[in-house]
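Protein chains: 2
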Amino acid sequence: MVPAPRTARAVARAELTRAILDRAKAQLAEVGPAALSVRQIARDLEMASSAVYRYFPSRDALLTALIIEAYDDLGEAVEAGDATAERADLRGRWTGLARGLRGWAVAHPHEYALTYGSPVPGYAAPQDTIASAARVSTALLTLVADAHAAGRSPVATRPATEAELASIAPVRSFVVDELDEAYTVRGLMAWATLFGNVSLELFGHMYRGVLDYEAHYATLVEQLADDLGL
Amino acid sequence: MVPAPRTARAVARAELTRAILDRAKAQLAEVGPAALSVRQIARDLEMASSAVYRYFPSRDALLTALIIEAYDDLGEAVEAGDATAERADLRGRWTGLARGLRGWAVAHPHEYALTYGSPVPGYAAPQDTIASAARVSTALLTLVADAHAAGRSPVATRPATEAELASIAPVRSFVVDELDEAYTVRGLMAWATLFGNVSLELFGHMYRGVLDYEAHYATLVEQLADDLGL
DNA sequence: CGAGAACAGAGAGCGGTGCTCTCTATTCGG
DNA sequence: CCGAATAGAGAGCACCGCTCTCTGTTCTCG
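Sequence lines, in order, name chains E and F. Heads up, the first sequence stops at 265 in the working numbering, and the numbers go up one at a time, no gaps. Heads up, the second sequence stops at 265 in the working numbering, and the numbers go up one at a time, no gaps.
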């Protein structure tokens, strides 16, 4: 936000802030959000634990920073997946997007838990996170809007109610100004289905058999593409 | 499990175990899983914190007991929802089941987070929980099997792969011995969509507008019923 | 350039946590 | 009735997040 004056002190501050964040990220990946310890980070960085509080006012603030980074990482992965196919290849973009989502989640389970699991801090999702969090839904909505613009349409779908229309109103305004009612409903469903599947898999709710998650997810994604008329 | 000998000591033990569990449950509902404190429970019950460990070997064990109760409560709510309609009224059973799920989750957000959010203990979902956890998916699978038996069929659906078939194999054996491939895929999708929606709502990922969750969920449930051919 | 303000780091300490160990009192089964 | 099993209490350990105070450094500005 702030351009940061180029004083030696400001540079050192930026570097140490980054170092703390990196160390926290590493610890998060190792032991998970619940066991993330400010004191341990300080020990790793060979500094007094109290000094860390010069950079992050609380453990929750540190976690919030990690959450934002996680949202951005995920957003990037999803956008990259979307970009693996030609713009007109809607189905390719969809599967890329979906694979990007699950691939990132499987590779970063603790980060995924931090963002899409139960809220860890006292609650109150910080306002700072919404911009980063919106990247995924924006990518998905854009794809759906592109499908509609290309004359596609989903399988038989109920008309959207006020609720659905209201839910995408904020995003719709600056992403796309016309979105089919049916696509709104199907889009929200696909969104929930994708995250539902990934959450159920990562949080240990898939059947304990020898389920091939990868293959199962592939079928799911293809079916959703069919339903979306891609 | 054990018939429990009727000694005064055994009775007292059972009562205190129950009291601890109840107090823990109340605390869980108030402050959430992360802030649940063995010491606080002991204070509430006016006993030494060390005494609690005579009943639950660790905080995680206590949480596990709460998880099992939560699964059972949810299972009961879902089964009750399913039972609000006549056995042959598949659509009524479906909406009842779905409303039971969300209704319980909204009424018990911390319990829902404990079960379907990110795993709180070190990981390793205890084996004890699976029987209770299976109640929901059993109810859903039974409904889908009943639909198939009644000659219904879902909208155009891809054939199930080995993955899907394997995933329901353990349940299929004692719930229903023949289940359509298409219904397997659609059933798993509906399962993921339902939980995905509830999780996204409860964990704060629904769009920050004035979204009427209730109405949105109703539309979703109806659409899923359509897709399932109910 | 130099003075005063702003900042960074360290250390001690507070109140909290989960959990263990030891000691005593009670209740059980043979 | 007596020895063994059990229950409770209390002290204590190692950790946690966080605050406060003190010192040294680096900045800004007259």
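Beta carbons: idealized from backbone N, C-alpha and C, even for Gly.
Item, Value
"Flag Thr192/F as yes if its beta-carbon sits less than 9 Å from any beta-carbon of chain E, otherwise no.", "yes"
"When you compare each of Ala43/E, Arg94/E, Glu50/E, His251/E to Pro194/F by their alpha carbons, which one comes out closest?", "His251/E"
"For Leu235/F and Ala115/E, I'd like the C-alpha separation in whole angstroms.", "23 Å"
"Have a look at Ala61/E and Ser85/E and give me their C-alpha separation to the nearest angstrom.", "20 Å"
"Please list, in chain order, the chain F residues whose beta carbon lies closer than 7 Å to that of Gln62/E.", "Going along chain F, no residue has its Cβ under 7 Å from Gln62/E, so there is no contact; the nearest lies around 15 Å."
"Using a Cβ-Cβ cut-off of 9 Å, state whether Gln75/E counts as contacting chain F.", "no"
"Indicate whether at least one CB of chain F lies closer than 9 Å to the CB of Pro68/E.", "yes"
"Mind listing the chain E neighbours of Glu197/F? Cutoff is C-beta to C-beta under 8 Å, in chain order.", "Asp247, Ala250"
"Here's the rule I'm using: 16 or more other beta-carbon atoms within 10 Å means buried, otherwise exposed. How should Gly157/F be labelled?", "Confidence at Gly157/F is low in this model, with a pLDDT of 48, below 50, so the placement of that residue should be treated as unreliable; the coordinate-derived value is given next. Exposed: under 16 other Cβ atoms inside 10 Å."
"Quick one: what does DSSP say Leu132/E is sitting in, helix, strand or coil?", "helix"
"Could you list which residues in chain F have their beta carbon closer than 7 Å to that of Leu235/E, in chain order?", "Ala227, Phe230"
"Terminal residues of the continuous alpha helix (DSSP H) containing Ala195/F?", "Ala195/F -> no alpha helix (DSSP H), and no H or E assigned at all."
"Can you round the beta-carbon distance between Ala77/F and Val66/F to whole angstroms, since I take them to be within the 8 Å contact cut?", "Not confirmed; about 15 Å, so no contact."
"Could you compute how far the alpha carbon of Arg187/E sits from the alpha carbon of Leu259/E?", "14 Å"
"Could you pull the start and end residues of the alpha helix (DSSP H) that Val110/F belongs to?", "For the sequence presented, residue 110/F should be read as Gly rather than Val. First-last of the alpha helix (DSSP H) with Gly110/F: 94-117."
"Ignore the nearest five residues each way along the sequence and tell me which others in Leu97/E's own chain have a CB closer than 6 Å to its CB.", "Ala59, Phe91"
"If I measure Cβ to Cβ from Tyr151/F and keep anything under 7 Å in the same chain, skipping five residues before and after, which residues do I get?", "Phe230, Ser234"
"Just the Cα atoms here: how many angstroms apart are Thr192/F and Ala198/E?", "28 Å"
"How many Å lie between Arg137/E and Ala70/F at the Cα?", "30 Å"
"Along chain E, which residues have their Cβ under 8 Å away from the Cβ of Phe238/F?", "Tyr151, Gly152, Ser153, Pro154"
"Thr42/E to Glu50/E, Cα distance in whole Å?", "12 Å"
"Please report the straight-line C-alpha distance between Ala47/F and Thr99/E, rounded to a whole angstrom.", "45 Å"
"Taking only beta-carbon atoms, is Asp261/F less than 9 Å away from chain E?", "yes"
"Note down, in chain order, each residue of its chain lying with its Cβ closer than 6 Å to the Cβ of Tyr248/F, except the 5 sequence neighbours on either side.", "Glu236"
"Alpha carbons only, please: which of Pro154/F, Gly127/F, Val171/F is nearest the one belonging to Trp139/F?", "Val171/F"
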